[in-house]
Structure formats: structure tokens, C-alpha cells
Amino acid sequence: MTDTNFDVVVIGGGPGGYVAAIRAAQLGLKACVVEREHLGGICLNWGCIPTKALLRSAEVGHLIQHAADFGWSAENVSFDIAKIVQRSRKVAKQLSQGVSFLLKKNKIPVVSGSGKLAGQGKVSVTDKDGKSSTLNARNIILATGARARVLPGLEPDGKLIWTYREAMVPESLPKSMIVVGSGAIGIEFASFYNDLGVEVTVVEVVDRILSAEDEEISALAHKSFEKAGIRIMTSAKVTSVKKAKDSLAATIELADGQTETLTADRLISAVGIVGNVEELGLEGTRVRIEGSHVDVDGFGATGEPGVWAIGDLTGAPWLAHKASHEGILAVETIAGVKGLHPLDPASIPGCTYARPQVASVGLSEAKAKAAGHKIRVGRFPFMGNGKAIALGDPEGLVKTVFDADSGELLGAHMIGAEVTELIQGFGIAKSLETTEQDLMHTVFPHPTLSEMMHESVLDAYDRALHV
Amino acid sequence: MSLDILMPALSPTMEEGTLAKWLVAEGDSVVSGDVIAEIETDKATMEVEAVDEGVIAKLIVAAGTEGVKVNAVIAVLAEEGEDPASVQPGKSGTPAPAPAPAEAVPEVVSKLDTPAATSATVHGSAGSGANGDRVLASPLARRLASQNGLNLAAIGGSGPNGRIVKRDIQATLVGGGAKAMQVGAASASAGHSMPAGTGPDPRKIAGQLDMGYEEIPANNMRKTIARRLVEAKQTVPHFYLTVDIELDALLGLRGQINKAVPEGVKISVNDMIILASAKALIDEPDTNASWAGDAVLKYASADIAVAVATDNGLITPVLRDVQTKGLPEISAEMVDLATRAREGRLKPHEYQGGTFTISNLGMFGIREFAAVINPPHGAILAVGKGEKRPVVRTTEQGDTLAIATVMSVTLSCDHRVVDGAVGARWLNAFQQRLENPLSMLL
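Chain order of the listed sequences is A and B.
Using the working numbering, the first residue of the first sequence is number 2, and each one after it goes up by one.
Using the working numbering, the first residue of the second sequence is number 12, and each one after it goes up by one.
Laid out in C-alpha cells, this is it:
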């Protein structure tokens with residue numbers, strides 16, 4: 002590469018990093034991306050996108066199995082796990098190439114290799130062959146993401162104990178599986194494998210699954226997954242794993258002190274993630290590491306002038322859209338754009354693409370109460386919605402939480418078909434600071450699932466029409 | 012990278028000001044701390060200092076411009092090594108913690124010019140446009156403002172296009188600027204516009220009757236006086252209590268004190284009135300209070316605002332914690348505040364707040380008068396001239412006529428806070444202090 006001087010060097014080409022670079026280019030800054038493996042990061046290659054492809058295959062299978070409900074007969078149907086995985090990889094590849102095209106279009110060079118700080122305003126990049134080069138950067142954005150957290154005794158071995166990475170590309174389908182952890186990642190894999198006929202047990206250390214969600218939604222999800230055939234153990238801890246040749250036995254300690262031994266072909270460890278803070282050359286700089294993430298202010302600034310950090314590297318919530326937004330905020334701060342405000346955590350939606358889907362934004366009922374709000378809560382069940390019944394998905398709930406005094410929409414929590422596509426409506430409402438009145442005055446199209454959003458708001462004010 | 016010099020907010024409640032005077036010209040070099048302009052707010056004239064060094068590339072706002080919004084770009088500073096002729100306003104901003112990319116500047120300018128310029132004009136401006144058109148505010152902000160009795164037009168918006176959002180309302184409530192922005196009994200207009208008055212239009216009448224007049228444009232101080240006093244008289248239920256106070260003992264004591272104090276110090280009767288008021292406010296704390304809409308705030312200290320007439324109008328610098336101060340200290344502080352008030356050089360914190368006001372027109376020979384309350388104070392004391400008057404003394408031999416130095420004072424009370432008997436008790440305490448002046452020195 003000829004030119005090694007940049008206004009912004011982004012280390013990491015995931016959804017935080019490449020978006021930051023594009024925004025920098027839009028603002029007239031000279032940017033480049035340093036990427037050690039593949040553009041698009043975990044999200045695009047080993048996370049959000051390929052799992053959505055897998056889950057789509059599972060959903061198609063589910064529909065085929067219930068074809069008779071819709072008047073079709075589908076007999077002797079079967080699937081090929083290799084082809085399901087192949088499709089998922091193809092989708093990931095297509096999108097990774099898309100990122101490469103976007104960067105080219107914005108004239109953003111990609112430097113292959115691992116980047117690290119090398120003195121003030123310098124980034125050294127070491128490529129696969131061990132060759133080093135140095136980039137001069139007025140601003141450096143660290144966007145190196147995160148990796149699966151490893152619990153002692155549950156160290157992934159790539160064979161019997163998997164992380165998301167192996168779980169995404171199984172060579173064959175295990176008969177049984179233990180999923181440790183019931184966050185979005187654990188639950189999505191549990192749902193996927195369960196739909197493919199694997200006997201799945203979810204082991205969760207706290208007292209409910211999807212513990213970041215509203216408690217009522219957690220409870221409904223628990224019921225749904227059990228109904229779908231997943232075994233769920235809460236307040237349960239894997240204390241030891243004994244590996245056999247092609248299976249393992251996990252000892253699980255329950256809340257009452259009793260233990261149970263589960264035998265399964267595979268175990269997926271999905272117990273959270275830790276930031277990739279190592280080998281970034283942070284030693285001797287004023288970049289502060291707290292736990293496993295880099296400490297930043299509301300605009301991504303670290304303690305070291307000219308060094309910024311975004312995305313998973315800076316801590317929870319570990320979401321691609323949070324990373325992208327932080328990347329834009331950091332770059333706009335660098336460019337001196339006016340009127341910027343830190344990201345409001347209550348405005349970041351969270352989605353789990355299991356069957357059923359779960360989506361939420363803002364405060365749960367319990368958190369709203371704990372924050373001292375006098376609240377009004379609205380609920381509307383899928384059972385009361387025409388479109389949900391026509392789709393054959395009559396299970397689910399749309400729940401809304403309002404501040405009783407001001408009418409502020411504090412949170413929205415949904416479970417059921419397509420709720421991950423619905424949640425943005427409440428996201429816009431929150432971002433525009435609508436009150437219950439504006440939502441009540443909005444005309445929702447009939448027949449849609451979105452009508453439940455309207456009804457839930459009406460219900461919070463005792464005005465629901467269809468219950 | 013060039014820097015925009017923005018219209019500063021010289022007080023928490025300042026929304027706009029007049030750029031009275033430039034003290035630098037385009038092309039002048041400045042260093043941090045140089046005084047570059049004078050800005051007239053609704054209360055005073057203040058100096059604006061450069062916070063960075065460089066060359067004044069462009070003066071955007073001409074001297075004498077009124078109604079310059081806080082945070083509007085008033086000038087552009089070119090930094091060292093930069094060609095002042097090439098810089099443009101509206102592209103710098105919050106200084107990034109990191110060195111800004113110099114090479115990239117031209118591109119940033121061309122791409123950012125429009126959005127940044129837009130945000131420069133509207134960001135932080137009071138939610139209403141300059142013409143008093145629609146206030147941009149989120150539905151939630153509107154509801155919170157109405158629930159808290161805030162006037163949206165007086166609140167700066169930090170959302171897109173200067174939209175007022177929840178955090179702006181919260182900042183206003185937390186910042187305590189709220190009181191100033193309380194929507195009074197409504198007629199107190201949208202903050203900017205003048206109380207037009209419902210009476211006949213004097214310009215029209217003068218025209219019809221062919222009356223000659225000179226028209227003096229109202230400065231910010233005059234506009235504020237007009238607005239605040241209309242608001243006070245329309246929304247505060249005033250009533251008035253008057254007493255006569257004999258001053259001979261006080262004058263005697265003052266003579267002795269002035270002999271004892273160092274040369275150059277001279278305790279005035281007014282200084283002693285200030286001290287007596289503070290002591291009386293501590294004696295009778297019910298009068299040291301404000302109406303807060305749903306509560307009465309009783310203050311712990313006696314912060315006395317003293318009306319000072321200036322060429323531009325009236326201003327009330329505040330002496331704080333007067334109950335703890337001695338006469339020499341009060342005297343020195345009053346001389347300093349009054350001098351700087353007349354020069355228009357008070358700092359905002361020196362004329363904001365206070366718990367009680369004194370207006371003294373004795374030096375003009377006024378015997379007695381009733382003053383308009385200075386909200387949110389619960390009362391104001393109008394002090395007349397001390398003069399020799401015949402007084403009736405009751406002795407064992409019966410009533411006789413005597414001569415005494417007497418001063419009439421009138422307390423205007425906000426009846427929402429101070430009831431008649433409460434005001435009367437305060438006046439009695441005040442009278443006791445003045446007529447037995449040694450008690451003030453204890």
C-alpha cells in the first residue's frame with residue numbers, strides 16, 4: 002500500500018468498524034480498516050446473519066411438519082444438515098462480499114492483518130505471514146469485538162464442547178445436546194436444534210431464561226420452549242463434565258443442592274462473551290480496561306487522546322446495532338459534528354430469533370418500578386389478533402409499560418411471530434418521545450400483527466377494543 | 012482547524028443578548044483571555060474573552076445587533092498557520108479530544124457545511140424561532156413542560172433541529188432555571204415578546220395629536236424590567252404596610268461608628284437599614300420566603316437585594332448572608348456592587364437570587380412610596396427620607412409635642428406567602444432593630 006497516513010484507522014471490520022469507516026468517508030475523513038480475518042466481523046460471518054439463515058431453515062421445517070394444518074400434505078420429507086449449513090455459509094459470504102464492495106465504493110482501503118497501537122498516532126499491522134507495517138493515524142478506533150466467554154470445566158474443544166462457532170457448522174446432527182446459558186445465543190441454538198429434532202436441554206444459572214427480558218416474557222418463553230420440546234433447567238449449574246468418545250456426561254447442581262447427571266452428544270457453551278482487549282498495544286497508554294472491556298465515555302473516547310473504542314469491546318449490550326451506532330457517534334465526534342448525544346441504553350432494542358421470537362426495547366416492568374416510576378402496563382395477546390390466527394401463530398404477547406404521570410413509553414416487550422420486525426415501531430415512538438396519546442392516534446393497518454401494538458397501548462389505559 | 016466563536020450564555024437563563032461592541036477587528040491576533048467583545052444581556056454588559064489563540068478571520072455578527080441567540084456563531088477564529096481568508100463558519104464545534112485532521116478540513120467543510128450551519132443557527136436556541144413561530148418539542152416534552160409549569164419558548168432544544176426533548180426539560184428542572192421560566196398567570200407572554208400593554212397605542216395617539224417625541228429603542232434591561240414588573244403586578248397579590256421609624260438613636264450610633272472606623276470607610280444609614288432588614292428576617296423568618304406554586308420556601312439566610320438605579324434602568328445586586336456580616340463589610344460590599352452596577356459590570360451571580368429586596372428613594376426626598384415586589388421574593392421594603400417631624404410623646408405630665416428624625420417605610424408583601432400579621436411582625440422587628448440600634452451590633 003502506498004499511502005499510510007490516515008485521519009481514522011479502524012481496527013476491526015465488524016458491524017461497528019466498517020460502519021465507522023464508511024461514516025468517516027462520508028464526512029470527508031481519510032479512513033482505513035484493519036481486519037485480521039473477514040470483513041463483517043462475527044456478526045456477519047459467525048453471528049447474527051448465518052444464525053438467521055439456520056433459523057429460517059428450521060422455520061421452514063416447522064411449517065412443513067405442520068403442512069396439514071394449512072391444507073397441504075407433505076410426506077416423507079427430510080432435510081440434509083450439510084445443505085442447511087451450506088446455505089448459511091453462502092448467505093454469510095454474500096454479505097461479507099457486500100461489505101467489501103461498500104468499503105471499495107467509499108474508497109476505504111482494507112489492510113489485512115492484526116492491528117495494534119504502536120505509539121502515539123501509530124498502528125502496527127502484522128499480516129498472516131508475520132510481516133509488519135505501520136500506519137499513521139490521527140485517530141484510532143478500536144473495534145475488535147469479543148469472543149465467547151470460557152467457563153472452567155467447559156473449555157470448548159471443538160468436538161464435544163462447542164461454542165457458537167462450531168454450533169453454526171455441525172458436520173452431522175447430534176441426537177442430544179446441552180445448551181449452557183439462556184441468553185439470545187443459547188436460546189437461538191436451542192430452538193434451532195430442537196426444531197431439527199435434537200433432544201435439547203437448556204441449563205441456566207439464574208432463575209429464569211432470557212433474563213435480560215421482562216419477567217413475564219421470560220415466563221411465556223419458558224412455557225413455549227417447553228411446549229416445543231426443550232427441557233429447561235433454571236437455577237442450575239454445570240459443576241463438571243465427563244467426556245466419553247462421542248458423548249459427555251454433565252453433572253448439574255440444582256437450586257436445592259441436589260445434583261443430576263445429564264448425558265448428551267454435545268454441549269454448547271453460551272455463557273456470555275468477553276472483549277478482545279488483548280494484544281492491542283494498550284499497555285502504557287491511558288486506555289483503561291475494566292473487567293474484559295475498554296472503558297469509554299458516551300462518545301467512544303478512551304483515556305488516551307486520539308484513541309476511541311466501540312462495540313462489543315466496550316461492553317454490554319453485545320449487539321451489532323449498538324456497535325454501528327457507537328461507530329457513527331465516535332466518528333462524528335472526531336469530525337466535530339454538533340449536537341451529538343451519547344447513546345441512550347433504553348433506546349437500543351434487543352431481539353432473539355428463536356421460535357417464538359422475543360423482542361424488546363426500554364425498561365421492563367420490574368426495572369421501571371425499581372427506577373421509581375408509577376407505571377401503567379398494557380398487554381395484548383396474539384390470540385386476539387386476526388392476522389396472528391390467520392398465520393397459525395396464535396401464541397404470544399405484546400406488553401407495553403408507560404409512566405403513569407407523563408405517558409412516556411418506558412418499555413415494550415413482545416414474544417411471538419415476527420415480533421423482531423415489529424419492535425422498531427416502538428423504537429421510533431421512544432426516539433420521537435411520543436406519549437400514549439400519539440400512539441393511540443396512530444392508524445395501524447388491518448389486518449396486521451402490528452395492530453397488537455396499538456391494542457397493547459390502548460390496554461394500558463383500559464381502552465383495548467379486542468379483549 | 013478554525014474555531015467558531017459562539018455567543019456565550021452569561022447566565023443560566025440567558026437566551027439571547029445584544030452584541031454591543033467588538034473590541035477586535037478582522038485580522039487581529041488574539042490570545043486566550045483577550046477581551047474581544049462586549050455583550051449586553053438583559054441585566055448587564057459583559058466582556059467576552061477569547062478562549063483560544065489565533066487570528067480573527069471573520070466577524071459574523073455586526074456590533075449593535077440585538078437578539079443574538081446563545082450559541083450562535085458570532086465570529087470565526089483562524090488558528091496558527093491557517094489562512095484566515097479561507098476559513099468558514101459553522102464547521103468547528105465541540106473540540107474533539109483528539110487532534111482534528113488538518114488535511115481533511117476542506118472536505119469536511121464542503122460536506123458538512125449545510126448540516127452544521129443549520130445546527131449552529133438552531134441548536135440551543137430557544138425552541139421557538141426568532142419570529143416566535145412554532146415551538147419544536149416532542150410530545151413528551153410538551154406534556155412534561157405543561158405538568159411542571161414550564162414555558163417551552165424559554166427552553167433551549169437539544170434534539171434534531173433544536174427540538175425540545177425530555178432531557179432539556181429535565182435539565183431545566185434540575186438547573187433551577189425553572190422558577191424563572193414558570194408560566195405565570197399566563198399573560199406573561201412567551202418570554203421574548205414584550206408585554207404590549209392593552210391600553211391605547213402611544214405612537215398612534217402621538218401621531219393623531221401631532222405630539223413631538225423622541226423614540227428610544229428599549230435595551231434588554233428595559234425590556235426585562237417591563238416584562239418582569241408586568242408579571243409581578245399581574246400575578247403577585249400585593250398588599251402594603253407602612254410604619255414610621257425614629258432614627259435619632261441610629262444616627263447617633265452611626266456618628267460614633269464612623270469616628271471609630273478606619274479612614275475611607277463611611278457607614279451609611281442605608282447600610283444600617285440593610286443590616287436591620289437581615290436581622291429582622293432572621294427574627295421573623297416567615298417573611299424570608301417565596302411562593303413556589305405548591306409550597307412556601309423559607310430561606311435559611313438573609314440575602315438582601317438592593318435596588319440600584321443606573322442610566323439604563325434598575326438592577327438589584329444581592330448581598331448574601333447579610334445576617335452574618337458586620338457594617339464595614341456591608342458598606343464595602345454595597346459600594347462595590349453599586350459602582351459596578353452603574354458601570355454595567357455586574358456578574359450574573361451578583362444580581363440573581365436574593366430573598367428580600369430593599370428600594371430606598373430617601374435620597375431623592377421621597378417621603379414614602381410602595382414598591383413592586385421582585386419575584387420570587389416574598390416582600391420588598393420601600394424606604395423613604397429620614398426627616399425631622401413633630402412627634403407626640405406621652406409622659407407622666409401628659410402628651411407633649413417633640414421633634415424627632417422620622418423615616419417612613421412601606422413593606423409590599425406577596426399575600427400568597429406573607430399574611431398581614433406576618434408582615435406586621437416583621438416590620439415591628441425591623442423597627443425595634445433600628446430604634447434600638449445597639450441590638451444590631453450584638
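Every residue gets a Cβ at the ideal spot worked out from N, C-alpha and C, and that includes glycine.
Only a predicted model underlies this, so the values are computations on that prediction, with no experimental measurement involved.
Closest Cα partner of residue i within the set the options
i: Val247 (chain B); options: B:Ser301, B:Val79 and B:Ser342; result: B:Ser301
i: Asp63 (chain B); options: B:Ala89, B:Ala55, B:Val81 and B:Val72; result: B:Ala89
i: Gly18 (chain A); options: A:Ala147, A:Ala371 and A:Lys53; result: A:Ala147
i: Ile482 (chain B); options: B:Gln158, B:Ala182 and B:Arg154; result: Missing from the structure shown is residue 482 (chain B); chain B here goes from 12 to 453 and no further.
i: Gly428 (chain A); options: A:Ala405, A:Leu450, A:Thr401 and A:Val9; result: A:Thr401
i: Leu28 (chain A); options: A:Gly337, A:Leu221, A:Val288 and A:Pro171; result: A:Gly337
i: Gln267 (chain B); options: B:Glu257, B:Ile256 and B:Ser279; result: B:Ser279
i: Glu279 (chain A); options: A:Ala271, A:Leu268 and A:His294; result: A:His294
i: Ala316 (chain B); options: B:Asn371, B:Leu262 and B:Asp305; result: B:Asn371
i: Asp128 (chain A); options: A:Gln121, A:Lys117 and A:Ser225; result: A:Lys117
i: Leu410 (chain A); options: A:Ala251, A:Ile376, A:Gly397 and A:Glu156; result: A:Ile376
i: Gly304 (chain A); options: A:Ala324, A:Pro318, A:Leu96 and A:Leu283; result: A:Leu283
i: Asp460 (chain A); options: A:Gln438, A:Val288 and A:Leu268; result: A:Gln438
i: Arg139 (chain A); options: A:Lys123, A:Ala149, A:Asp130 and A:Asn77; result: A:Lys123
i: Asp158 (chain A); options: A:Pro175, A:Lys244 and A:Leu143; result: A:Lys244
i: Ile236 (chain B); options: B:Gly324, B:Arg153 and B:Ile175; result: B:Gly324
i: Arg267 (chain A); options: A:Asp345, A:His326, A:Val207 and A:Val203; result: A:Val203
i: Ala222 (chain A); options: A:Thr286, A:Gln259 and A:Ser183; result: A:Ser183
Min CB distance residue i to chain A below 8 Å
i: Gln181 (chain B); result: no
i: Ser169 (chain B); result: yes
i: Leu88 (chain B); result: no
i: Lys69 (chain B); result: no
i: Lys80 (chain B); result: no
i: Leu155 (chain B); result: yes
i: Leu163 (chain B); result: no
i: Val420 (chain B); result: no
i: Ala83 (chain B); result: no
i: Gln193 (chain B); result: Note that Gln193 (chain B) has pLDDT 41, beneath the 50 cutoff, so the model's placement of it is unreliable and no number is given.
i: Val176 (chain B); result: yes
Assigned secondary structure, residue i (DSSP; H/G/I helix, E/B strand, else coil)
i: Phe445 (chain A); result: coil
i: Phe80 (chain A); result: coil
i: Ser361 (chain A); result: strand
i: Met169 (chain A); result: coil
i: Asp394 (chain A); result: coil
i: Gly188 (chain B); result: Confidence at Gly188 (chain B) is low in this model, with a pLDDT of 45, below 50, so its placement is unreliable and the value that follows should be read with caution. Note: Gly188 (chain B) maps to coil in three-state DSSP.
i: Ser74 (chain A); result: coil
i: Ala55 (chain B); result: coil
i: Thr145 (chain A); result: coil
i: Gly38 (chain B); result: coil
i: Ser457 (chain A); result: helix
i: Arg233 (chain B); result: helix
Cutoff 8 Å: residue i Cβ touching any chain B Cβ
i: Gly412 (chain A); result: no
i: Gln66 (chain A); result: no
i: Asp439 (chain A); result: yes
i: Glu327 (chain A); result: no
i: Ser407 (chain A); result: yes
i: Leu56 (chain A); result: no
i: Thr443 (chain A); result: no
i: Thr436 (chain A); result: yes
With contact counted as at least three CB pairs below 8 Å, one residue from each stretch, are the region 27-41 of chain A and the region 111-130 of chain A in contact?
Yes: the two stretches touch, three or more of their Cβ pairs being nearer than 8 Å.
Does the pairing of the region 434-441 of chain B with the region 270-281 of chain B give three or more beta-carbon distances under 8 Å?
Taking 8 Å as the limit for Cβ pairs, the verdict is that the region 270-281 of chain B does not touch the region 434-441 of chain B.
With three or more C-beta pairs closer than 8 Å as the rule, is the region 396-411 of chain B touching the region 312-327 of chain B?
Result no; under three Cβ-Cβ pairs closer than 8 Å.
With a floor of 4 residues, list each alpha helix (DSSP H) that falls wholly inside the region 321-383 of chain A, ordered by position along the chain.
With a minimum length of 4 residues, the continuous alpha helix (DSSP H) runs that stay inside the region 321-383 of chain A are 321-336 and 366-371.
Taking contact to mean at least 3 C-beta pairs separated by less than 8 Å, is the region 358-375 of chain B in contact with the region 27-41 of chain B?
Touching, no.
In the region 203-251 of chain A, which residue ranges form an unbroken beta strand (DSSP E) of at least 3 residues, counting only runs that do not cross its ends?
Considered as a whole, the region 203-251 of chain A harbours 232-234 and 238-244 as its complete beta strand (DSSP E) runs of no fewer than 3 residues, in chain order.
At 3 residues or longer, and completely inside the region 288-330 of chain B: list those beta strand (DSSP E) runs for me, N to C.
For the region 288-330 of chain B, whole beta strand (DSSP E) runs of length 3 or above, ordered along the chain, are 300-302, 307-309, 315-317, 319-321 and 324-326.
Is the region 149-168 of chain A in contact with the region 314-321 of chain A, if contact means three or more CB pairs nearer than 8 Å?
No, because fewer than three Cβ pairs between the region 149-168 of chain A and the region 314-321 of chain A fall closer than 8 Å, the two stretches do not touch.
Using a Cβ distance threshold of 8 Å, determine whether the region 178-198 of chain A contacts the region 354-366 of chain A, with at least three qualifying pairs required.
Verdict: yes, contact present.
Contact between the region 327-334 of chain A and the region 375-395 of chain A (3+ Cβ pairs under 8 Å):
Fewer than three beta-carbon pairs drawn from the region 327-334 of chain A and the region 375-395 of chain A are found closer than 8 Å, and the two stretches are therefore not classed as touching.
Pairing CB atoms from the region 351-363 of chain B with CB atoms from the region 380-400 of chain B, are three or more of them under 8 Å?
With the cut-off at 8 Å, the region 351-363 of chain B and the region 380-400 of chain B do not touch.
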